[in-house]
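Have a look at the structure below before the remarks.
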Amino acid sequence: MSDLNLALIVAAVGIIGGVWALNWWQERSFRRKAEQAFEKPAEDVLLERKPKTAARAEPDTPRLEPSLVDTSPAVTPVTSPSPQAETTAALSVLPNTVLDSGIDFIAELHLTEPVAVRNLQVSMEDAANIGKPVRWSGLDAEGEHWSMIHPGAAGSFRQLRVGLQLADRKGPVSDAQLLEFVRIIRLVGEDIGAVVELPQRTPALMAATDLDTFCADVDVLIGLNIVSRDGTPFSATKIRALCEAAGMQLADDGLFHLRNEHGQTLFSLCNLGQESFSSATIRQMKVNAVTLLFDVPRVVGGVSVFDRVAKLADHLAESLDGELVDDNRRPLNEQGLGAIRRQLIELYRRMEQRGIQPGSPTALRLFA
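Under this note's numbering, the first residue of the sequence shown is numbered 1335, with each subsequent residue one higher.
Below, the structure is given as C-alpha cells:
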C-alpha cells in the first residue's frame, strides 16, 4: 500500500469520526434544550385549568415577548401647552379601559372631518363576525374625550381607534382573522376618507401567541368541594340559608355568587350534581356535594378573597356535617389549603410581572 493510499484512509477515518462527534454533540445539545423546554412542575389537583369553549392552540415557536409597533405620535411635555399640543396629547392617549396596546392590535384612522357613527354601522357588523373581540373607540368632535363606540349610537368622532383582541380563552388570533380585520379597516378608511395606520402584522401574530401561552399558564379555576360524610344528602334550603348568610345570592345561572360593590363575582357555589340550583325547585332539592369556585385571574384582591373562600368552605362543611375534600375525594386540611395558597401567590406574581392585574379590565377581557 502506497503512502498516498494510507494517507487517504487516515483522512477518511478522521472525517467520519468528526461527523460522528458533531452529530453526537448536536443531539446531546438538542436533548438538553428539549428537556429544559418541557420541564413543568406537577399541578395541584384543585388548581384546574379553566375549561375553554375551544382548545387553546399550543404554540410550536419559542416564547416571544410582545413586540407590537406603536404608531401613536409621540407627545413631548411642554411647560405651557398650546392648543395644538393639547390636541396632540388627546389624540395620543387612550384609556386602557377602552383599548390596550398590550392585548389589542390597534388601527388608527385619521380624519379631516368628523364621521357619524351611522356611517360605520356596516363595518362594525362585519368586524363583529371575525371571531375575536373588536372594540371601536373615538375622539369626540371637540377633540376632548375618547369613548367606546357602540353599534347604533349617536354622535360624531374626529379620530377613530379600532382594536382587535390578540387572544382570549379560545386561543390566539389567527393570521386569517388579522387579515380580515385589516381588510375591513382599509375599506372603512376608503369609505370615510381617513388615513389608516396599522401595526406590523408579523410581530402582532408573535405577540398573540406569546400572550396566549401566558394566559393558558395562569388561567386556573380553584374548586373546594364539600361532600356528605355518610352519604346523607344536604338540604338545598339549608345551603341557601348558609350562602345568603355569607352574602351570596342565587343567580340565573343556577349558582350562588358573592359579588363586590361593582357587581363582579368574587367566588361562587354550585351543585356537583347535574341539577342546578333554582328558586322554583330548591325547597324539594337534595344535594350530595357542592363546590366553591374561584376563577383565579378574574378576581380583584385574589389571595385575600381565597382566604374567605377557604374560611367559608370550612364553615359549610361544619354546618352541613360534611367534609372538605379535593377532586379525588381526599380530605383537605389546613396544610393542603396552604399549598394551594402558595401556588396562588405565584400565579398572581406572574400576572403582575406581565402588567396584568387580577380582576382588572384587561384581565376580564382576556379571561372572559
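The beta carbon of each residue, even a glycine, is placed where N, CA and C say it ideally should be.
Quick caveat: nothing in here was measured; it's all calculated off a predicted structure.
Buried/exposed call for residue i, threshold 16 Cβ in 10 Å
i: Glu-1476; result: exposed
i: Asp-1586; result: exposed
i: Arg-1495; result: buried
i: Pro-1695; result: exposed
i: Lys-1645; result: exposed
i: Val-1310; result: Only positions 1335 to 1702 of the chain appear in the structure, and residue 1310 is not among them; the question remains open.
i: Arg-1517; result: exposed
i: Pro-1665; result: exposed
i: Gln-1687; result: exposed
i: Gln-1618; result: exposed
i: Arg-1366; result: Bear in mind that a pLDDT of 40 at Arg-1366, under 50, signals an unreliable position, so the number given afterwards is only what the model happens to contain. Arg-1366 comes out exposed.
i: Lys-1572; result: exposed
i: Gly-1670; result: buried
i: Arg-1452; result: exposed
Where the beta strand (DSSP E) through residue i begins and ends
i: Leu-1555; result: 1554-1562
i: Ile-1440; result: 1438-1450
i: Val-1643; result: Run containing Val-1643: none in the beta strand (DSSP E); it sits in the alpha helix (DSSP H), 1636-1653.
i: Met-1582; result: Note, Met-1582: premise wrong, no beta strand (DSSP E); not H, not E.
i: Glu-1657; result: 1656-1659
Range covered by the alpha helix (DSSP H) that runs through residue i
i: Thr-1625; result: Not the alpha helix (DSSP H): Thr-1625 falls in the beta strand (DSSP E), residues 1623-1629.
i: Gln-1687; result: 1668-1688
i: Val-1468; result: Per DSSP, Val-1468 belongs to no alpha helix (DSSP H); it is in the beta strand (DSSP E), 1468-1474.
i: Met-1482; result: Where Met-1482 is concerned, there is no enclosing alpha helix (DSSP H), although the beta strand (DSSP E) it sits in stretches over 1480-1482.
i: Arg-1699; result: 1695-1700
Beta-carbon spacing of residue i, residue j below 7 Å
i: Leu-1626; j: Ala-1647; result: yes
i: Pro-1631; j: Pro-1692; result: yes
i: Val-1624; j: Ile-1560; result: yes
i: Ser-1471; j: Val-1432; result: yes
i: Ala-1450; j: Ser-1490; result: yes
i: Gly-1290; j: Ile-1556; result: The question about residue 1290 has no answer, for the chain in this structure spans 1335 to 1702.
i: Arg-1684; j: Val-1507; result: no
i: Tyr-1682; j: Gly-1607; result: no
i: Asp-1546; j: Gly-1505; result: yes
i: Leu-1700; j: Cys-1604; result: no
i: Ser-1610; j: Gly-1588; result: yes
Nearest neighbour of residue i, chosen from the options [CA to CA]
i: Ser-1435; options: Arg-1664, Asp-1661, Ala-1501; result: Ala-1501
i: Lys-1620; options: Ala-1528, Leu-1654, Arg-1642; result: Leu-1654
i: Gly-1656; options: Ile-1526, Gly-1670, Ser-1562, Ala-1579; result: Ser-1562
i: Phe-1601; options: Ala-1579, Leu-1545, Val-1634; result: Val-1634
i: Gln-1511; options: Ala-1542, Glu-1531, Glu-1595, Ala-1570; result: Ala-1542
i: Ala-1614; options: His-1596, Ala-1570, Thr-1566; result: Ala-1570
is_contact[residue i, chain D] using C-beta, thresh 7 Å
i: Gln-1534; result: You won't find chain D in this structure, because it holds only one protein chain.
Let me know the alpha helix (DSSP H) ranges lying completely inside the stretch 1502-1545, each 4 residues or longer, listed in chain order. You should have 1509-1526.
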